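Q: Take the sequence shown: its letter number 77 is residue 76 in numbering that gives the first Met the number 0, and every next letter is one higher.
Below you will find the structure I want to go over with you.
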Amino acid sequence: MTTLTETPRTGEFIVSEAPGRRSREQILLTGDNSTTVKACTVLGAVETGTPTLTVGTPFSGVGGTVGNGTISAATADAGAMPGDWQLECTATGATGKFKVIKPDGTIDGILTIGTAYNGTRSINITVADGSNDWLVGDIIPINVAYLDGESVLKYEAYDQDGTDGSQIAAGILYGPVVGTTAGADAVAVTRDAEVNGRLLVWPADITADEKAKAITQLAALGIILRS
Numbered sequence: 000m001t002t003l004t005e006t007p008r009t010g011e012f013i014v015s016e017a018p019g020r021r022s023r024e025q026i027l028l029t030g031d032n033s034t035t036v037k038a039c040t041v042l043g044a045v046e047t048g049t050p051t052l053t054v055g056t057p058f059s060g061v062g063g064t065v066g067n068g069t070i071s072a073a074t075a076d077a078g079a080m081p082g083d084w085q086l087e088c089t090a091t092g093a094t095g096k097f098k099v100i101k102p103d104g105t106i107d108g109i110l111t112i113g114t115a116y117n118g119t120r121s122i123n124i125t126v127a128d129g130s131n132d133w134l135v136g137d138i139i140p141i142n143v144a145y146l147d148g149e150s151v152l153k154y155e156a157y158d159q160d161g162t163d164g165s166q167i168a169a170g171i172l173y174g175p176v177v178g179t180t181a182g183a184d185a186v187a188v189t190r191d192a193e194v195n196g197r198l199l200v201w202p203a204d205i206t207a208d209e210k211a212k213a214i215t216q217l218a219a220l221g222i223i224l225r226s
C-alpha cells in the first residue's frame, strides 16, 4: 500500500494564541533554503548590521586580585550574537588562555593572551599580559548591542549546529515560503502561544537533547508545546 505524507498546513500547529496581533510577527525569512520552507518549521533569528562592543571592568570570578593586562582592538562582526559575552581565564601566564563565552552560554573559541582573537560572526579582541598576570577565574565582561535602525533581524530554519543565532529557537513559521537566500516576507509566531508539538518541523539530524533545549528557548518566548 502506498503511504501518503501530507505537507504541514498553514497555521495548523496553533492550539491557542494571544488576542489581536501579539503572537504573530511579519518577518524576513532568509538562509540557505533551496526548497520551500514548510509551515510549522521552527525558526532561528540572525542579527545583521554593525554592532557596538563595550568592554566592562574585569573582575575575579573566584575572589582576589585581578590581572591588569591591557585589552585592545575590541570590535564585533556583523551578525555577532547580541547580549553579554564573557572572557574567562582558564590558564595564567604570558601565553595563558581565556574561554570566549557567548550570551547563550556556548563557547565561541579560545583566546591566547598576547595573540589577537578573531571570531567568525563573533567578536575580535586582543588581551595582553600585565605586571599582574591574569589569574584563573578572572572574567572580562563584554556587551554586544545593535542600535535601533542599524540592524535587521532575519529568520531562517532552526539549526542546532549554527553559530550565527540560528541555533536559538526564535519562532515558528506560520505558512510555507518558497526557498530563497535573498530574503522573503513571511509570518511567524514569535511569542505567547500554545502549539501542537507533534506538528513542528525540525532539522532531520536533531537529537532529543538538542530538541529539548530548543523547546526551552521557545518557552522563554511564551511559546508552549502541547502534545
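Just so it is clear, CB atoms sit at the ideal spot from N, CA and C, and this is done for glycine as well.
Keep in mind it's a predicted model, so treat the numbers as computed, not measured.
Taking buried to mean at least 16 other C-beta atoms within 10 Å of its own C-beta, is P50 buried or exposed?
A: P50 should be labelled buried.
Q: With a cut-off of 8 Å, do at least 3 Cβ pairs link the segment 62 to 79 to the segment 181 to 197?
A: Because the criterion of three Cβ pairs below 8 Å is not met, the segment 62 to 79 and the segment 181 to 197 do not touch.
Q: Is I141 near V54, with beta carbons less than 8 Å apart?
A: Contact: yes.
Q: On the criterion of 16 or more Cβ atoms from any shown chain inside 10 Å, does R23 qualify as buried, or is it exposed?
A: Burial call: buried.
Q: Can you give me the Cβ contacts of T9 inside the same chain, cut-off strictly under 8 Å, excluding the 5 residues immediately before and after it?
A: Counting only Cβ-Cβ distances below 8 Å, and skipping sequence neighbours, we find A38, Y173, G174, P175.
Q: Taking 8 Å as the threshold, find out whether the segment 129 to 145 comes into contact with the segment 57 to 67 through three or more Cβ pairs.
A: Yes: the two stretches touch, three or more of their Cβ pairs being nearer than 8 Å.
Q: Just list the residues that DSSP pairs A23 with in beta bridges.
A: Before going on, a small fix: residue 23 reads as Arg here, not Ala. According to DSSP, R23 bridges with V188.
Q: Tell me which residue opens and which closes the beta strand (DSSP E) that E5 is part of.
A: It is not in any beta strand (DSSP E) - E5 carries neither H nor E in the DSSP assignment.
Q: Extract the residue ranges of the beta strand (DSSP E) inside the segment 28 to 88, only unbroken runs of 3 or more that lie entirely within it.
A: You should have 41 to 46, 51 to 54, 70 to 75.
Q: Beta-carbon separation of G118 and K153 under 8 Å?
A: Against a cut-off of 8 Å, the Cβ pair of K153 and G118 comes out as no contact.
Q: Using a Cβ-Cβ cut-off of 7 Å (strictly less than) and excluding sequence neighbours within five positions of D158, which residues of its own chain qualify?
A: Answer for D158: G43, S165, Q166, P202, listed in chain order.
Q: Tell me the DSSP secondary structure of I138 in three-state form.
A: Three-state DSSP puts I138 in a strand.
Q: Just mark A156 as buried or exposed, buried being the case when its beta carbon has 16 or more other beta carbons within 10 Å.
A: Classification for A156: buried.
Q: So if DSSP puts I109 in a beta bridge, which residue, or which two residues, is it bridged to?
A: The partner list for I109 (beta bridge, DSSP) reads K98.
Q: Which two residues bound the contiguous beta strand (DSSP E) that contains E16?
A: E16 -> beta strand (DSSP E) spans 13 to 16.
Q: Would G68 and A115 be called neighbours here (beta carbons separated by less than 8 Å)?
A: Going by C-beta atoms, G68 is not nearer than 8 Å to A115.
Q: Beta-carbon separation of V14 and V194 under 8 Å?
A: Their beta carbons are under 8 Å apart, which means V14 touches V194 by this criterion.
Q: Measuring alpha carbon to alpha carbon, tell me which residue in T64, E209, A144, A219 is nearest A169.
A: A169 has its Cα closest to that of A219, out of T64, E209, A144, A219.
Q: Quick check on A211: does DSSP put it in helix, strand or coil?
A: Note: A211 maps to helix in three-state DSSP.
Q: Once DSSP output is grouped into helix, strand and coil, what is the label at G196?
A: Three-state result, G196: helix.
Q: Could you check the C-alpha separation between P18 and L52 for me, to the nearest Å?
A: Near 37 Å, if we compare the C-alpha coordinates of L52 and P18.
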